[in-house]
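Heads up: the structure comes next, in structure tokens.
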Amino acid sequence: MYICKDCFLDEELRSEINANAVINGVCDVCGKEGKLMDFSDFHGFFNALLSLFSLTDNSNKTIVDIIQDEWHIFKDKDVAKILLSDIISTSHLDYSIDTCVDYTNEIQDRVAVWDRLKNSVKENSRFFTNMDEFAQYEYLTAGKSLHIGQKLYRSRVTPIGQKKIKWDKMGCPPKELTTAGRANPIGIPYLYLSDSAKTTYFEVRAVYLDKLSVGTFRIEKDLKLIDFVYDVNLFLSYNDGSVPLKETIIKKKVIEAISSDLSKPLRRYDSEIEYVPTQLICEYCRRIVDSEGATADGITFESSLHKGGRNYVLFDESAAKCIRVDSHEITRIDIDRK
């Protein structure tokens, strides 16, 4: 079966076909004309990937659903079904293209380490929680940098009667006034920043006609952060071979689970105990040491309130300085439901 790059969304697979295709013709799958490769050249990768799933009664998703929804490898599910059926037909797997599957029990158990840690710190032992199971796999490393001079943003709702909040009031509150947050415990201030002014509008839950004081913060020194946005390409990881594909998937899913909790907005009736697991993981991040002996200066994760936005938490407020404050007024609100 000969395929073209347009059968895939995955950029690495598209690049592989574009660079190494040896013939031109009509694709056997999508019917487009162009450079073609024999799909058997990719059997090794897809066999390795599909071996990480097994038949289950606890899922309502097929292999096509999971591969396409979580990893976005193929152009669409129709193409995915054709090509994955080809793999399954020549493999000794315990499932078919139409049966419900999930990751193997080993993968599910390893990924559940975050849920076990959350339950432990909330229900069993708050201050002496055993981190050994989580720490042994080194899921978290200081892999994101902020450089001196970079700009980040922070907003506060401007009190009635004020034009804007002064620059020296845009940072962290005093320790005695610091309430618990997603990242920081009560009494220990961390500086919460975002990648754009627009992201901050969402993070402060601004409403129609709110006036905001938007502070621009300049990074004062080079910083190393724990990145909870783990962008990884499975095909590239497989070809690299330094880390088993299984470990790559587990790491991504564990980091995504933590990131989801870090970015999850608390509702008015939620208990502050829901903050405790993410506060714990931030305290753990403060003690991660890199190969040069330096500890992490903060964390970064995706905003759940503004698609495409990033949030930053700096453990040391002095690492960023407010250099200007602008007054913004919210003139439009989009509301969605589910």
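So in full-length UniProt numbering the end of the sequence shown lands on 338, straight run, no missing numbers.
Here a beta-carbon is modelled for each residue, glycine too, at the ideal position from N, C-alpha and C.
Secondary structure at phenylalanine 217: strand, using DSSP grouped into helix, strand and coil. With a minimum length of 3 residues, the unbroken runs of beta strand (DSSP E) contained wholly in the segment 60-122 fall at 101-103. Ranking Asp98, Leu36 and Ile333 by CA distance to the CA of leucine 209 puts Ile333 first. Around the CB of lysine 252, 16 or more other CB atoms lie within 10 Å, so the residue is classed as buried. In its chain, beyond the 5 residues on either side, Ile17, Cys27, Cys30, Lys32, Gly34, Lys35 and Leu36 have a beta carbon closer than 7 Å to the beta carbon of cysteine 4.
Judged by DSSP in its simplified three-state form, phenylalanine 202 adopts helix. Per DSSP, glycine 25 is one residue of the beta strand (DSSP E) stretching across 23-26.
Under the Cβ criterion (8 Å, minimum of three pairs), the segment 108-125 counts as touching the segment 241-259. With contacts defined as CB atoms closer than 8 Å, tyrosine 95 and serine 54 qualify as a contacting pair. Beta-bridge analysis with DSSP links leucine 50 to no other residue. The count of Cβ pairs closer than 8 Å, one atom from the segment 46-63 and one from the segment 91-105, reaches three, so the stretches are in contact. Here leucine 152 really is in contact with aspartate 195; their C-beta atoms are around 7 Å apart, less than 8 Å.
Put simply, of Ala319, Pro277 and Ser303 the residue whose alpha carbon is nearest the alpha carbon of arginine 126 is Pro277. The beta-bridge partner set that DSSP reports for phenylalanine 8 consists of Phe74. Contact annotation: the segment 161-176 does not touch the segment 220-235, with fewer than three C-beta pairs closer than 8 Å. Within the same chain, and ignoring the five residues on either side of valine 325 in sequence, the residues whose Cβ sits closer than 8 Å to its Cβ are Lys164, Ile165, Lys166, Trp167, Met170, Ser213, Val214, Gly215 and Thr216.
A straight-line Cα-Cα distance of about 10 Å links tyrosine 275 and isoleucine 281. Histidine 147 is not a Cβ neighbour of isoleucine 87, given a cutoff of 8 Å. CA-to-CA, the gap between aspartate 227 and glutamine 150 works out to about 17 Å. Counting the other CB atoms within 10 Å of its CB gives alanine 320 a total of 16 or more, which places it among the buried residues.
Under the 10 Å beta carbon count, glutamate 317 is surrounded by fewer than 16 other beta carbons and is classified as exposed. For histidine 328, the CB contacts under 6 Å within the same chain, skipping 5 residues up- and downstream, are Leu212 and Val214 in chain order. For phenylalanine 128, no alpha helix (DSSP H) encloses it, and the DSSP letter there is neither H nor E. Of all alpha-carbon atoms in Thr129, Tyr201, Pro174 and Phe134, the one lying nearest the alpha-carbon of arginine 154 is that of Tyr201.
Burial is judged here by how many other beta carbons sit within 10 angstroms of a residue's own beta carbon; lysine 307 has fewer than 16 and is exposed. About 17 Å separates the beta carbons of aspartate 69 and asparagine 233, which is beyond the 8 Å limit, so they are not a contact pair.
Judged by their CB atoms, leucine 262 and arginine 182 are nearer to each other than the 8 Å cut-off.
Aspartate 102 and leucine 49 have their C-alpha atoms spaced approximately 12 Å apart.
Residue pairing by DSSP places tyrosine 312 opposite Leu193 and Thr300 in a beta bridge. Each of Ser40, Lys264, Thr300 and His72 was checked against the Cα of glycine 143, and the nearest Cα belongs to Thr300. A straight line joining the alpha-carbon of leucine 140 with that of isoleucine 160 spans about 43 Å. Straight-line measurement puts the Cα of leucine 13 at about 16 Å from the Cα of aspartate 231. Nearest to glutamine 279 by C-alpha distance, out of Ala21, Lys122, Asn24 and Ser15, is Lys122. DSSP, read as helix, strand or coil, puts valine 229 in coil.
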